[in-house]
Amino acid sequence: MAVTGYLAEFSLAELFQFLEQGNKVGLLTICTLTDTDSGQQRNHHIWFNQGRIVAASSRLDQEGLLRMISKRGWLGDRAASRLAQSCAINTAIGLCLKSQGVLNAEQLKLLFYAQVMQQVCALFMLKDGWFQFDPKAPLPSAEMTGLSAPATEVTLAGLRALKDWSALADKLPEPTSALVSVIDGKPQQKLNQTEWQVWEFVNGSVALDVIAKQLQLPIEQVQQVAFRLIVSGIAEEMPLVAEVPRPDGETDSVELMSAQKSVTHVSQSFLHNLLGFLKVKA
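Convert by adding 37 to the 1-based position in the sequence shown; the result is the number in the working numbering.
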């Protein structure tokens, strides 16, 4: 069954996280509501295989990659079409041309970067758009280089280059929230320096505004980094619980020591009571 929605409600970063974690196979189509240059709608197509992005194009005629090869002067239009017809069905045309000695590994990497990384990363600048994911759409062998990238890796690259975060303002974690790791050990993703600095505080006990002060960074930047870690599937936002003040004389030394220890960890009893409350509310 196809999945549809709007980017204003479900961001592209969250959508990519969903598709990667679910190991989805199919076609994601994004339609811009208005094009700033022409005033018309534009469609962008991204193909997934097991949660990894394998191809991207603004067209569905399966000629985008061959045109890209021809434009670079690596192969003429007619020669490209003739060789493409000789490729086996369901074989990525990039790998087919490489096996025939027409393209080399470096050229395939350049094609994949231009086709996927550049085109898809630019989509993170969209403030709104309509999307549809069709799990029954076949993979476009004529648009595939044979290379692929995890969706969250593309997300990291796209969000790092994003200048205007206004469309994602409501998605950012609260300054008073902390981050907690959802993985064992260190991330496998290639984090940049600032992301690693924030990652060092991913222990569920330090609020983002405190992290910002310690790293001497604007809170907005730390929130953006935290969002990148969240949609990469390596961390989650965790609201910190404020201590409820007690009347004077009711806190003895034993209770005070217990309270001091609980600053860095939310108690298991609190979580148990919270879950019970949520179940009642549900």
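C-beta atoms are modelled at their ideal positions from N, C-alpha and C, and glycine is treated no differently.
Can you tell me which of the three DSSP states residue i falls into?
| i | result |
| --- | --- |
| SER136 | helix |
| ASP201 | coil |
| TRP236 | helix |
| ALA129 | coil |
| TYR43 | strand |
| GLY110 | coil |
| GLY63 | strand |
| GLN54 | helix |
| ARG89 | strand |
| SER123 | coil |
| SER118 | helix |
Please classify residue i as buried or exposed, where buried requires at least 16 other C-beta atoms within 10 Å of its C-beta.
| i | result |
| --- | --- |
| GLU190 | buried |
| TRP84 | buried |
| VAL219 | exposed |
| GLN54 | buried |
| ALA125 | exposed |
| GLU257 | exposed |
Given a cut-off of 8 Å, decide if residue j and residue i are closer than it, judged by their beta-carbon atoms.
| i | j | result |
| --- | --- | --- |
| ALA45 | LEU196 | no |
| VAL153 | ILE106 | no |
| VAL259 | ILE271 | no |
| ALA63 | LYS173 | The residue you asked about is not Ala; residue 63 is Gly in the sequence shown. Going by C-beta atoms, GLY63 is nearer than 8 Å to LYS173. |
| GLU180 | LEU102 | yes |
| GLY166 | ILE67 | yes |
| GLN99 | PRO177 | yes |
| GLN226 | SER269 | yes |
Can you give the beta carbon distance from residue i to residue j, rounded, assuming they're within the 8 Å contact cut?
| i | j | result |
| --- | --- | --- |
| GLY183 | ALA129 | 4 Å |
| THR69 | GLN78 | 6 Å |
| HIS81 | LEU193 | Not quite, the Cβ-Cβ distance comes to about 19 Å (not below 8 Å), so this is no contact. |
| PHE168 | LEU52 | 7 Å |
* Taking the runs of the alpha helix (DSSP H) that are 4 residues or longer, which of them lie wholly in the stretch 210 to 275? -> 230 to 236, 245 to 252 and 256 to 268
* **beta strand (DSSP E) segments (min. 3 residues) lying fully within the stretch 149 to 200** => 166 to 171
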